[in-house]
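Report on one structure; see the data block that follows.
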Amino acid sequence: VRYSEGRGWHDARITARKPFPIDPAAAVLHYGQEVFEGMKAYRLESGGIATFRPEENARRFQASAARMAMAALPQDIFMTAVDELVRIDRDWVPTGEGKSLYLRPFMIATEVFLGVKPASEYLFMVIACPVAGYFGSGCVSVWVSDAYTRAAPGGTGAAKCGGNYAASLIAQRDSQTHGCDQVLFLDSREQRYVEEMGGMNVMFLRDDNTLVTPPLTGTILPGITRDAILRLARDQGLTVEEAPVAIDEVFEGAATGRYREAFACGTAAVISPIGSFRRTQGEAVFGDGKTPGPVTLALKKTLTDIQAGRTNDPHGWVHMIG
Ligand code: PMP
44 VRYSEGRGWH
54 DARITARKPF
64 PIDPAAAVLH
74 YGQEVFEGMK
84 AYRLESGGIA
94 TFRPEENARR
104 FQASAARMAM
114 AALPQDIFMT
124 AVDELVRIDR
134 DWVPTGEGKS
144 LYLRPFMIAT
154 EVFLGVKPAS
164 EYLFMVIACP
174 VAGYFGSGCV
184 SVWVSDAYTR
194 AAPGGTGAAK
204 CGGNYAASLI
214 AQRDSQTHGC
224 DQVLFLDSRE
234 QRYVEEMGGM
244 NVMFLRDDNT
254 LVTPPLTGTI
264 LPGITRDAIL
274 RLARDQGLTV
284 EEAPVAIDEV
294 FEGAATGRYR
304 EAFACGTAAV
314 ISPIGSFRRT
324 QGEAVFGDGK
334 TPGPVTLALK
344 KTLTDIQAGR
354 TNDPHGWVHM
364 IG
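Heads up, the sequence shown is in full-length UniProt numbering, so the first residue is 44 and it goes up one at a time.
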């Protein structure tokens with residue numbers, strides 16, 4: 044679907060994926076005016092196909108676009124585009140635990156100019172790709188980045204825009220150099236508080252049965268999985284806190300047992316148990332570093348059962364594709 048000022052949204056079509064022409068002076072190629080979403084279509088036990096809370100993706104897409112000074116894509120265009128694509132690609136939705144059709148809606152600035160200003164022409168597209176689970180069934184290890192932060196107050200941390208990821212690739216590479224699977228970012232002011240990981244939010248379980256996760260203060264992405272887990276945790280009688288988490292407290296707490304479990308959450312990761320955090324000065328290990336904690340596993344089961352249609356859906360999150 045294309046947008047231009049005056050004409051509005053037009054030219055909707057579904058085609059086989061193929062390269063498309065773009066002018067070398069298109070704004071996106073120089074200034075990164077681009078936003079995207081990540082979602083999954085699941086094959087349910089019943090044989091039907093569904094997405095998970097797609098209205099939330101549509102809403103966040105609009106918020107990201109607003110932050111990047113881009114035109115707002117109406118929610119019904121977003122929803123129709125995703126539903127239609129999944130309907131046409133229904134045979135590509137894989138069967139099997141953890142498997143899904145990953146969906147990538149995105150919008151780029153296609154207007155041609157070289158000055159620095161918001162564009163007035165955009166192209167919105169959705170691509171689809173079958174995927175297996177992001178991580179295996181064990182625990183992930185996480186490198187705490189002390190060299191780079193992901194987002195500053197007033198920046199674009201709360202938006203899902205390509206530039207955030209471009210800026211964090213080097214930290215992701217650092218994490219691999221240190222033998223870890225993922226990177227954890229700290230706040231940019233004091234490098235003291237946990238923010239989020241390269242492509243997922245992070246949560247901790249304390250010994251008082253409180254699930255704690257950093258608050259949405261504008262520098263982390265408001266994860267849709269994060270929101271779902273906070274609600275499911277409340278349903279299950281856990282105390283839930285959105286509060287700053289100091290990294291030193293996590294390292295001390297892992298040693299004393301105050302912090303019992305940690306996990307990453309997001310569309311790709313769903314819920315991925317964290318076995319250990321490493322940083323320049325040492326390591327924080329949960330349990331034996333390999334065995335997922337029981338509360339993490341229980342939350343994962345509840346969430347994946349809802350997503351796969353194995354249990355009832357008390358919050359109305361499963362969106363059937365007709
Ligand atoms: N933080 C970042 C930086 C992400 O890229 C993602 C994935 N979209 C998340 C958190 C988790 O968000 P969601 O649960 O909506 O996928």
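For each residue, glycine too, the CB sits at the ideal point set by N, CA and C.
Any non-hydrogen atom of ligand 1 within 7 Å of residue i CB
i, result
"Lys203", "yes"
"Met243", "yes"
"Glu239", "yes"
"Arg269", "yes"
"Leu264", "yes"
"Thr299", "no"
"Thr256", "no"
"Gly81", "yes"
"Thr310", "yes"
Residues bridged to residue i (per DSSP)
i, result
"Cys172", "Tyr145"
"Glu164", "Ser47"
"Lys83", "Tyr145"
"Glu284", "Val255"
"Tyr177", "The partner list for Tyr177 (beta bridge, DSSP) is empty, contrary to what the question assumes."
"Thr94", "Ala84 and His362"
"Phe306", "Met246 and Pro316"
"Trp52", "Tyr46"
"Glu295", "Glu295 pairs with nothing; no bridge assigned."
"Ala341", "Answer is none; Ala341 lacks a bridge partner."
"Val125", "None; Val125 has no bridge partner."
"Ala289", "Tyr236"
"Val155", "Ala69"
"Met111", "Answer by DSSP bridge pairing: none, since Met111 is not bridged."
"Val78", "Met150"
Distance between beta carbons of residue j and residue i, contact taken as under 8 Å
i, j, result
"Gly242", "Cys308", "Contact flag wrong, Cβ pair sits at about 11 Å."
"Ala210", "Gly261", "At roughly 16 Å, the Cβ-Cβ gap does not stay under 8 Å, so Ala210 and Gly261 are not in contact."
"Tyr236", "Pro196", "No, Tyr236 and Pro196 are not in contact; Cβ-Cβ is about 12 Å, not under 8 Å."
"Thr347", "Thr310", "About 12 Å separates the two Cβ atoms, so there is no contact after all."
"Ala101", "Ile92", "In fact, because the Cβ distance is near 18 Å, the residues do not count as touching under 8 Å."
"Arg110", "Thr199", "6 Å"
"Val125", "Val169", "6 Å"
"Met150", "Glu238", "With 8 Å as the limit, Met150 and Glu238 do not qualify as a contact, their Cβ atoms being about 25 Å apart."
"Gly352", "Ser89", "6 Å"
"residue 377", "Met113", "Because the chain spans 44 through 365 in this model, residue 377 falls outside it and cannot be assessed."
"Phe104", "Pro148", "6 Å"
Whole alpha helix (DSSP H) elements within the region 182 to 253, 4-residue minimum | 205 to 220
Within the region 308 to 334, note down every full beta strand (DSSP E) run reaching 3 residues or more, in order along the chain.
-> Within the region 308 to 334, the complete beta strand (DSSP E) runs of at least 3 residues are 313 to 322 and 325 to 328.
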